[in-house]
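For the sequence shown, counting from 1, position 199 maps to 199 in full-length UniProt numbering; every step adds exactly one.
Every residue gets a Cβ at the ideal spot worked out from N, C-alpha and C, and that includes glycine.
In this text the structure is predicted, and so the values were computed from the model without any measurement.
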Amino acid sequence: MSLNTFSFTLKPPSRTLSLETIVPHPDDASRLTSVISATFNLVSTVIGGGVLSLPFAYATTGLLLTSIYILVAAIMASFSLYILCSCSRRTGMETYGEVVRFCFGPGAELAVECILATFLLFVTTAYMILMRDINTSLMEFFFPSEEPYDGAKVLLVTLMFCFPCMLLKSLHSLRYNCYVGFASVLTLLISITFRAILTNLSNPSRLHSGNVLIITSSPYDAAFSFPLVALAFLSQFNMLSVHASLKDPTRPRVTRVINGSIATCTALFLLFGAAGYMYALGETRDNIILNFEPDDKVVLVGKIGLGVTIMAGVSMIVLPCREALMSLPRKVRKYGRRGGKGKKLRPVGEETRKEGEVAGEVKEKLLAILSEELEGVGGREGGGEGGERERWGVA
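What follows is the structure in structure tokens.
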């Protein structure tokens, strides 16, 4: 019998009650992650190389419209993460693919797994390109050489340092990477903000000559920038892993993790994009680092922080990518043997279903008794029904 648990809340009989199947069990030994660690896990998943393109989005669309885009994308990301967790809790499915299979069938699961594996492979490749470029430039600054450094060799050495973290099997094991990565990207933000303030203080006229774009008048530019912003919030592929490792996974705690991580990333994106744009204005490039001189010592500190962020964050991408790639051949074979006619997953097994039926009967009896008691209490004391219902709530 699977270790599932049914959590329900006693509420007035007029309201429909929901039954949740949480996998693994809320008291399972694998649930080790606190709310803070889970929040930073999601933050580290979201924050990566995508932040470098946010100043370019500001330069293309304008300060006001891009800020609105970021807020809209944050709301969309928060809602999608909450819906994903709700689907997992209502169906008893633990992984992204299982939720898709339960809702849409095995064909949809296979398609989503292929898309997820392909997407994460491209993201991993992008991270490695960033690691190569950043660390090569750092090597050239600290260890000047007449011969140019081989970027492939620099990347190989960098991956040797990252490789042990890539072998870890849970996001909880990578929690220290999350803290280091977040602190490092803050270093980059402070460096760029400091340079932007100094530049504008030394030449304030650049802010009063119509160089600052508030909102674009081009529909093409407005449509071009939103995908850059929306993709920066992608973290759905790690959400269920975070949910599965969270201690005491009540809905308020899950919501706190989602809202805390998205709010943190939103604030960082707004500051990072605006600071980078205010430094370069109309000359902002698609990678804000390219707007600074290689020997700029202020940004050099931030560049070191960015390098550490990418090195710490690549493991957060490799983990779901590895799981998707390793499960894909098995799912392809299973789908092929069934001729694409596999059955949808059921939310619970036969034994668990019977437990659910018993739990439902017990709930109905408890509600009937509770309603009678509350009516009696309300008649004697008046106005006490709400407090009694709250006190009888079962998490």
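Query	Result
Can you have a look at proline 329 and say buried or exposed, based on whether 16 or more other CB atoms are within 10 angstroms of its CB?	exposed
Alpha carbons only, please: which of Ser170, Gly282 and Cys265 is nearest the one belonging to leucine 71?	Cys265
Tell me the DSSP bridge mates of leucine 188?	Partner(s): none; leucine 188 has no beta bridge.
How far does the alpha helix (DSSP H) with glutamate 323 in it reach, from first residue to last?	297-337
Just list the residues that DSSP pairs glutamate 283 with in beta bridges.	Per DSSP, none; premise fails for glutamate 283.
Can you give me the C-alpha to C-alpha distance between arginine 251 and histidine 172, rounded to a whole angstrom?	20 Å
According to DSSP, is glutamate 20 part of a helix, a strand, or is it coil?	strand
What separation, rounded to the nearest whole angstrom, lies between the Cα atoms of alanine 307 and methionine 131?	Looking at the sequence shown, residue 307 is not alanine but glycine. If you take the alpha carbons of glycine 307 and methionine 131, they lie about 6 Å apart.
What does the alpha-carbon distance come out to for the pair glycine 302 and valine 99?	40 Å
Per DSSP, threonine 33 forms a beta bridge with which residues?	Leu246
Tell me where the alpha helix (DSSP H) around proline 227 begins and ends.	219-231
If methionine 316 sits next to threonine 45, beta carbons under 8 Å apart, how far is it from one beta carbon to the other, in whole angstroms?	5 Å
According to the Cβ coordinates, are methionine 239 and leucine 120 closer than 9 Å?	no
Drop a sphere of 10 angstroms on the beta-carbon of valine 332, count the other beta-carbons inside from all chains shown, and report buried for 16 or more, exposed for fewer.	exposed
Locate the alpha helix (DSSP H) running through phenylalanine 142, then write down its first and last residues.	106-142
Return the residue from the list Arg31, Ala59 and Ile22 that minimises the CA-CA distance to arginine 285.	Ala59
Starting from leucine 290, trace the alpha helix (DSSP H) in both directions and tell me its first and last residue.	From DSSP, leucine 290 is part of no alpha helix (DSSP H); its letter is neither H nor E.
Can you grab the Cα-Cα spacing for the pair isoleucine 22 / glycine 97, in whole Å?	16 Å
Going by C-alpha to C-alpha distance, which of Ile115, Gly313 and Leu110 sits closest to lysine 334?	Leu110
When you compare only the Cα positions, how much space is there between phenylalanine 141 and leucine 168?	33 Å
Could you check whether leucine 116 and isoleucine 215 sit closer than 9 Å to each other, using their CB atoms as the reference points?	no
Taking all protein chains shown into account, decide if glutamate 146 is buried (16 or more other Cβ within 10 angstroms of its Cβ) or exposed.	exposed
What does a CB cutoff of less than 7 Å around glycine 282 pick up in its chain, not counting 5 residues either side in sequence?	Ala59 and Asn211
If you compare alpha carbons, which of Leu207, Val51 and Ser30 is closest to threonine 309?	Val51
What does the Cβ neighbour count give for alanine 267, buried or exposed, with the cut at 16 atoms within 10 Å?	exposed
Please determine, among Ser30, Glu20 and Ser217, the residue with the shortest C-alpha to C-alpha distance to leucine 63.	Ser217
What did DSSP end up calling lysine 169 once you bin it into helix, strand or coil?	coil
Using only the alpha-carbon positions, how far apart do asparagine 291 and isoleucine 190 sit?	16 Å
Is methionine 93 helix, strand or coil by DSSP?	coil
Leaving out the 5 sequence neighbours to the left and right, which residues in its chain are closer than 6 Å to valine 254 when beta-carbon positions are compared?	Cys85
Tell me, to the nearest whole angstrom, how far the beta carbon of alanine 126 is from that of phenylalanine 233; I am working on the premise that it is less than 8 Å.	The Cβ separation is near 16 Å, so there is no contact.
Within 10 Å of its beta-carbon, does threonine 118 have 16 or more other beta-carbons around it, so buried, or fewer, so exposed?	exposed
Closer than 6 Å by C-beta to alanine 312: which residues in its own chain qualify, once you throw out the five before and the five after it? Chain order, please.	Asn177, Val180 and Gly181
Do asparagine 200 and methionine 278 come within 9 Å of each other at the CB atom, strictly closer than that value?	yes
Using a 10 Å radius around the Cβ and a threshold of 16 neighbouring Cβ atoms, would you call glutamate 20 buried or exposed?	buried
Near serine 30, which residues of its chain fall below 7 Å by C-beta distance, leaving aside the five closest residues on each side in sequence?	Pro24 and Ser245
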